[in-house]
Amino acid sequence: MSTLSVIVGNPKPHSRTRQLAEALASRIAARTGADTLPTVDLIDHATDLFAWPAARVDAISAQLRASDYAIIATPTYKASYTGLLKAFLDRYPANALRGVTAVPVFTTASDEHALAVEFTLRPLLVELGASVPTRGLAFPTPHFDRRDVILDAWLESDGRWLPSAPARSEVDA
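Per the numbering used here, the very first residue in the sequence shown carries number 57; after that it's consecutive.
Written out as structure tokens, the structure is:
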């Protein structure tokens with residue numbers, strides 16, 4: 057069975073970024089058949105991110121490395137991802153995420169930051185070896201109340217690049 061990790065780099069616990077990432081994860085899990093692992097809210101591990109070694113962060117890193125799919129979500133800060141997320145991803149050497157299919161997600165305050173997900177987080181994930189077959193999702197937080205419509209539209213247009221779940225008869229065979 058394949059697995060899906062959700063990593064959230066918002067410095068606010070239980071943020072809208074997390075809610076959005078989890079809603080997208082449920083859609084991707086339904087499409088791919090992956091089991092969704094418990095969400096990692098990096099703010100819960102902030103004190104350990106700069107400790108070496110840090111058993112809890114090392115376990116999260118191993119979980120992500122072993123996942124088939126990952127949603128890496130962050131609010132947009134200064135037209136980029138948060139330092140919290142950067143500190144976590146800096147723990148990986150180049151190509152450490154080889155074999156992981158990643159979906160970068162930014163929550164944005166305005167459409168002016170819509171490309172930030174493509175020119176900041178996507179290249180970092182690729183450098184770390186992840187496959188990023190879709191456009192990143194730049195989600196405008198002023199439309200949070202329309203998240204189901206926006207997520208469904210993103211999945212319809214970009215989700216086709218993710219492998220579909222096997223047919224039920226293939227799973228039961």
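For every residue, glycine included, the Cβ atom is placed at its ideal position computed from N, Cα and C. Given the structure is predicted, the values throughout are model-derived calculations rather than measurements.
Nonlocal neighbours in the same chain, by C-beta distance under 8 Å from residue i, ignoring five residues either side
{"i": "S82", "result": "T92"}
{"i": "R121", "result": "Y148, A152, L153, V156"}
{"i": "V205", "result": "none"}
{"i": "H199", "result": "I206"}
{"i": "P67", "result": "I99, A102, T138, L140"}
Residue i in three-state terms, based on DSSP
{"i": "A111", "result": "helix"}
{"i": "A275", "result": "In this structure the chain extends from 57 to 229, so residue 275 is not present and cannot be described."}
{"i": "L141", "result": "helix"}
{"i": "P198", "result": "helix"}
{"i": "S213", "result": "helix"}
{"i": "T130", "result": "strand"}
{"i": "L218", "result": "coil"}
Cβ-based neighbour list, residue i, same chain, cut-off 6 Å, excluding 5 preceding and 5 following
{"i": "V173", "result": "P160, F162, G192, A194"}
{"i": "V156", "result": "S123, A126, A186"}
{"i": "A118", "result": "none"}
{"i": "S213", "result": "none"}
Cβ shell of residue i (< 7 Å), same chain only, five flanking positions each side left out
{"i": "S136", "result": "A172, T176"}
{"i": "V188", "result": "A158, P160, R178, L181, V182"}
{"i": "D201", "result": "none"}
Identified DSSP bridge partners for residue i
{"i": "I206", "result": "In DSSP, I206 forms no bridge with anything."}
{"i": "T59", "result": "D91"}
{"i": "A193", "result": "A quick correction: the sequence has Leu, not Ala, at residue 193. V161."}
Inter-residue CB distance, residue i and residue j (contact presumed, cutoff 8 Å)
{"i": "T59", "j": "R74", "result": "Actually they do not touch by this definition, with Cβ atoms about 18 Å apart."}
{"i": "I116", "j": "P69", "result": "Rounded, the Cβ-Cβ distance is 16 Å, inconsistent with contact."}
{"i": "F102", "j": "L140", "result": "Per the sequence presented here, residue 102 reads as Ala, with Phe not at that position. With a Cβ gap of about 6 Å, A102 and L140 count as contacting."}
{"i": "T190", "j": "L207", "result": "Actually they do not touch by this definition, with Cβ atoms about 13 Å apart."}
{"i": "A77", "j": "V62", "result": "5 Å"}
{"i": "R87", "j": "G215", "result": "6 Å"}
CB contact check: residue i to chain C, cutoff 8 Å
{"i": "L193", "result": "Of the chains in the structure shown, none is chain C; there is only one protein chain."}
List in chain order: all unbroken beta strand (DSSP E) runs of 3+ residues lying wholly within the segment 144–188.
-> 157–164
Within the segment 65–123, ranges of the alpha helix (DSSP H) (whole runs, at least 4 residues) | 72–88, 111–122
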